[in-house]
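So the sequence shown is numbered by full-length UniProt numbering: it starts at 1 and just counts up by one.
We put the beta carbon where it would ideally sit given N, CA and C, even for glycine.
Single-structure report; data block below.
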Amino acid sequence: MPEDEPAIDEEDYVETAPLLASDSFYRALVERPRRRVLYYLLEREECSVDELADVLAGWETTTETMVAPDRRRQHELSLVHRHLPLLSEAGLVAYDSESGEISLVTVPEPAKALVRRAIEVETA
């Protein structure tokens with residue numbers, strides 16, 4: 001285990017087992033925008049759809065050579081209609097479609113470590 005990763009005791013594994021055994025958890029991690037949403041929420045715990053759309057567009061700008069001006073709006077629509085409902089269904093976020101507020105649901109440490117590692121690998 002790398003030195004910077006927290007130690008995970010047996011109790012954490014027991015708590016995490018249902019989540020890590022769930023297909024919906026891995027479906028939630030399949031697409032880069034959802035991994036980035038989870039990563040952002042691990043730091044902030046809650047935010048709005050508008051804030052997430054800005055973050056995703058900015059993140060894309062730093063990793064792509066050219067980003068279309070309407071890309072922020074595309075991110076917003078994608079979040080509302082696709083990514084946030086799937087993350088909510090997987091039990092990873094609470095999403096209020098009326099207010100546009102998103103909050104991280106309690107995510108066990110091993111799942112957090114997996115999300116963090118995925119982002120580290122894709123940005124390396």
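Alpha-carbon to alpha-carbon, residue 27 and residue 112: 15 Å
With which residues is residue 94 paired in a DSSP beta bridge? 103
Please say whether residue 46 and residue 88 have beta carbons closer to each other than 8 Å? no
The alpha helix (DSSP H) that contains residue 89, what's its start and end? 84 to 89
Are the beta-carbon atoms belonging to residue 34 and residue 83 less than 8 Å from one another? yes
Going by DSSP, name the residue or residues bridged to residue 48. 101
Is the distance from the Cβ of residue 49 to the Cβ of residue 100 below 8 Å? yes
Rank 106, 77 and 43 by C-alpha distance to the C-alpha of residue 91 and give the top, closest one. 106
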